[in-house]
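Here is the structure we will look at.
Number of protein chains: 2
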Amino acid sequence: MNDYNIGDLITVKTENTIYTGTIMPSLDENIIVIKMKNGYNIGISKNKIKSIELIKKGEKPKYKLPPLKIGKKNDLKNISILSTGGTVASRVDYNTGAVHPVFTAGDLIRTIPELLNIANIKGRAILNILSENMTPSYWKMIAEEIKKEIENGADGIVIAHGTDTMHYTAAALSFMVDADIPIVLVGAQRSSDRPSSDAALNLISAVIACTQPIKGVYVVMHGESGDTFCYLHEGVKVRKSHSSRRDAFKSINNIPVAKINPFTKEIEYLRESKKVKGNERNNDKKININTILEEKVALIKIYPGIDGSIINYYVDNGYKGIVIEGTGLGHAPETIFENIKYATDKGVLVAMTTQTINGRINMNVYSNGRELQKLGVIGCEDMLPEVALVKMMYLLGNYDTEKAKELINKNLVGEITEISRFDSY
Amino acid sequence: MNDYNIGDLITVKTENTIYTGTIMPSLDENIIVIKMKNGYNIGISKNKIKSIELIKKGEKPKYKLPPLKIGKKNDLKNISILSTGGTVASRVDYNTGAVHPVFTAGDLIRTIPELLNIANIKGRAILNILSENMTPSYWKMIAEEIKKEIENGADGIVIAHGTDTMHYTAAALSFMVDADIPIVLVGAQRSSDRPSSDAALNLISAVIACTQPIKGVYVVMHGESGDTFCYLHEGVKVRKSHSSRRDAFKSINNIPVAKINPFTKEIEYLRESKKVKGNERNNDKKININTILEEKVALIKIYPGIDGSIINYYVDNGYKGIVIEGTGLGHAPETIFENIKYATDKGVLVAMTTQTINGRINMNVYSNGRELQKLGVIGCEDMLPEVALVKMMYLLGNYDTEKAKELINKNLVGEITEISRFDSY
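Chains as they are written, first to last, in the numbering used here: chain A, 1 to 425; chain B, 1001 to 1425.
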């Protein structure tokens, strides 16, 4: 690697394969990252490389970017952007083709100078992970960083996040963070080095949302596949619902809170959110966080032929709660009733959600649901399975099982909605 | 119970509760079933009953239904309706308020006389279960009954099925049954004793579908929440996507095969199905079934903080295959990589699907997916997790693991589609 520089076009041979592409910056000195013609980056362990051939030297950057002077404008809100990694938090240098993680406010504003007209922007990276590697421990860390930012004067916080588990993190922060300001998670489905990137419009929309007189945790992403508008989704009612589309995030069992036009900077509220508090903002900026989570909570998806002994396995390994992703209105095969009884008899909290994703649990309609209730299973209304999982971690971390059982199907932060047009019996 | 008859209005007291309603026929002599005012039936164990009070004697049925003479019309197709239970397979007797399972062609045609104009109908019950209790063993039994019907001259087969797991059964039959005629699963979201029942229109549409020159396994259900049309969904591309709406079944990663108007009896094809073979029908009516399934196959849904030892548990208990419902493009946390390696090292087939439900796996974009492939995980393209589970049971039942690994992400019966407008990169 010492002979080659970022931006050089090379061919790398490993034992099995040949890769051709442009050298990118790598965070790991043992790995060469190259951008291939198809636009994807690949990382190759140096110890697997048989040979490297230089095809074309990269062009030197023609100029150094000047240091950016960001004046603070008193009439604008102070928004902190905390980056955790993922596709959204990257920037391409078109001189070298290199993709840089965006770490500073300066980086961000060079990429999206429009942000300067919307708010006073501070930015820093608090993590640099792919969101599939997100863990409850990281949720705690993010909550703590949010607290610091608010104590330092932030009027709103954007969390740049990988999309895979962004809805889990949004749900976790909804329960863990109690603040009077908006906290908006934002991601991108295409990295900013691709013409179709959604990163800039999503970030602009997230910052716009952060200037609003709202509080609580939200997700902002493209509202349709074109570059037209973004949706502001409630953090506990949203889910990644497509693997690749730019409008992958959908509000479930409710409509989005608002539609944001990143071009006109206008926001249109689609419903009254409990979190929208009119125009007054509390200058005290209350911030309480509660980072205690019980991690011994499992999510089990039901299917025909499922072996109920998996429940015993969790119980015997000290698990305190199990969320079942049942069928239909909240059902599970009668063959696993004895396993469920084993769990509830041992004081494990067992809650029911549905794998239909859309719709509400109703365990009173069919005998199966009634039997499950007799076994102590709690139906979670229209709460998403992913949200029920995170909420159970939070409840069992902070309350005894009896109290957690009482609260799991009560609405705390918007995760359960009243029966509405989204239900249909 | 000896003093009370079906149709009587009674009040039943148990230790904790009082129920008032009309006595229904019960399949279990130890249980009294009553229909309550809210329309729901409840079963009460006789040994839990403290007292029963008669409120009003039921009216005697005013007349006996005459035996139905069904003439066979030579110009109509012969359609067999096999009932497995569930909401669709019930009929209300408005004289007594009783809900009867529909067991015979006579029952069916009394309920929906229009069927006589569409086909020569035979009907029988082969099971009477709630579909949440469906198992792979029952799938085998259903496949065998389908074979019998075809050998006895059926030109098409309707399977009346509970909706909870109807899509799993449709997928299982798609792999297990190779026939030249249409096999159409149909359910209902509201029982036929409710004014909003979708049972009749769904059944009529299913029978219409069965008269068509198509082959393979399909699902027919309401196309929208109103009583306007039904969709014909491909059995391997459909999923129950709402807990209660009448249009709960949605084609995923493809559009439905056809739109059926149960009023005009017209069918409009929306796409070319590989299974639509023009107008010629094979009079030989080929029927091959393969009922060998490996039931030691598990489906694991990924979430932040998941304990990878669950994989070891399955491997140590003799499981032959694991379908992972990963995040995004087919990812799993790096914390469980060693568990996945444990599985693949022991020869367990591990396949990747996505919990976004919509969209396609692409394990070449991010390092996480590439690492998982190196560990031997096979990405399942745009196949639904539920379908991948059933397909893996079928493959591991019939082939060695190497061959199953080769076939799991190849299209066999329509479960994997070419990259299309449903994908978006």
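Beta carbons are placed, not taken as given, at the ideal position from N, Cα and C, and that holds for glycine. As the structure is a computational prediction, the values presented were derived from the model and not from experiment.
For residue i, the nearest candidate out of the options (CA to CA)
i: P213/A; options: N339/A, E272/A, T169/A; result: E272/A
i: N1117/B; options: A1172/B, E1371/B, K1265/B, G1369/B; result: K1265/B
i: K147/A; options: I181/A, N368/A, K77/A; result: I181/A
i: L407/A; options: H331/A, S420/A, M383/A; result: M383/A
i: N202/A; options: G226/A, K215/A, A143/A; result: G226/A
i: T1087/B; options: L1130/B, H1222/B, N1358/B; result: L1130/B
i: N152/A; options: P385/A, K122/A, A171/A; result: K122/A
i: H1242/B; options: D307/A, R360/A, V207/A, E334/A; result: R360/A
i: E1402/B; options: L1412/B, I1378/B, P1385/B, V1390/B; result: I1378/B
i: I157/A; options: V186/A, I52/A, D247/A, E132/A; result: V186/A
i: E1268/B; options: I1302/B, G1223/B, I1112/B; result: G1223/B
i: N1016/B; options: L1173/B, N1030/B, K1050/B; result: K1050/B
Through-space distance from residue j to residue i, alpha-carbon basis
i: Y1168/B; j: K286/A; result: 49 Å
i: N1253/B; j: Y342/A; result: 39 Å
i: K1037/B; j: M166/A; result: 44 Å
i: N398/A; j: A388/A; result: 15 Å
i: I44/A; j: S1309/B; result: 29 Å
i: F1422/B; j: N74/A; result: 47 Å
i: G1058/B; j: L1009/B; result: 7 Å
i: A200/A; j: G162/A; result: 14 Å
i: N409/A; j: C1230/B; result: 35 Å
i: C380/A; j: G21/A; result: 50 Å
i: T335/A; j: V236/A; result: 32 Å
i: L372/A; j: S251/A; result: 29 Å
i: S1367/B; j: N128/A; result: 14 Å
i: I196/A; j: N1358/B; result: Note on identity: in this sequence residue 196/A is Ser, with Ile being the wrong assignment. S196/A and N1358/B: Cα-Cα distance of roughly 20 Å.
i: I289/A; j: K215/A; result: 14 Å
i: D307/A; j: I1324/B; result: 16 Å
i: I204/A; j: R110/A; result: 13 Å
Proximal chain B residues relative to residue i, where beta-carbon distance stays under 8 Å
i: T344/A; result: Chain B residues near T344/A: none, gap ~18 Å exceeds 8 Å.
i: E386/A; result: Y1303
i: Y168/A; result: Y1303, P1304
Check: residue i C-beta below 8 Å from any heavy atom of the ligand GDP
i: K73/A; result: For the ligand GDP, the structure offers nothing, since it holds no ligand at all.
Chain-ordered chain A contacts of residue i [CB-CB under 8 Å]
i: R1360/B; result: S243, S244
i: E1295/B; result: G305
i: T1327/B; result: S131, E132, D164, T165, K240
Spatial neighbours of residue i in its chain, beta-carbon cut-off 7 Å, leaving aside the 5 residues before and after
i: L1375/B; result: F1337, I1340, K1341, T1344
i: G328/A; result: T354, T356
i: L443/A; result: Because chain A spans 1 through 425 in this model, residue 443/A falls outside it and cannot be assessed.
i: L108/A; result: I81, V102, L115, I121, G123
8 Å CB neighbourhood of residue i in its chain, flanking five on each side removed
i: G140/A; result: Residue identity differs from the one stated: residue 140/A is Lys in this sequence, not Gly. Once the five neighbours on either side are set aside, the close Cβ partners of K140/A are M176, T291, L293.
i: E295/A; result: P136, M393
i: E1145/B; result: L1082, I1126
Neighbouring residues, chain A, relative to residue i (Cβ below 7 Å)
i: M1134/B; result: P304
i: L1299/B; result: K301, Y303
i: E1415/B; result: Here the premise fails: no neighbours, minimum Cβ distance about 16 Å.
i: E1334/B; result: N133
i: L1389/B; result: Y303
Interface partners of residue i on chain B, CB under 7 Å
i: H331/A; result: E1132, D1164
i: A351/A; result: Those within 7 Å of A351/A in chain B number zero; the least Cβ separation is about 14 Å.
i: T356/A; result: K1240, S1241, H1242, S1243, A1248
Proximal residues to residue i (C-beta, below 6 Å), its chain only, five neighbours per side dropped
i: A298/A; result: Y314, Y319, I322
i: E234/A; result: V257, G414
i: A1404/B; result: L1349, L1395, L1396
i: V1365/B; result: L1329
Nearest-angstrom beta carbon gap, residue j and residue i [assumed within contact, 8 Å]
i: Y1004/B; j: L1054/B; result: 6 Å
i: K72/A; j: A119/A; result: The Cβ separation is near 10 Å, so there is no contact.
i: K48/A; j: T14/A; result: 5 Å
i: T1084/B; j: A1160/B; result: 6 Å
i: R1190/B; j: R1246/B; result: 7 Å
i: P262/A; j: N1133/B; result: About 50 Å; that fails the 8 Å criterion.
Partner residues on chain A for residue i, Cβ-Cβ distance less than 9 Å
i: I1324/B; result: Here the premise fails: no neighbours, minimum Cβ distance about 11 Å.
9 Å Cβ cut-off: residues of chain B touching residue i
i: D423/A; result: S1243, S1244, R1245
i: S367/A; result: N1041, I1042, G1043, L1130
i: I419/A; result: Near I419/A there are no residues of chain B at all, since even the closest Cβ is about 11 Å away, more than 9 Å.
i: G376/A; result: Here the premise fails: no neighbours, minimum Cβ distance about 15 Å.
i: I183/A; result: Neighbours of I183/A on chain B: none; closest Cβ ~18 Å, over 9 Å.
C-beta neighbour in chain D for residue i, strict 9 Å
i: I1142/B; result: Here chain D cannot be found, since the structure's protein chains are A and B.
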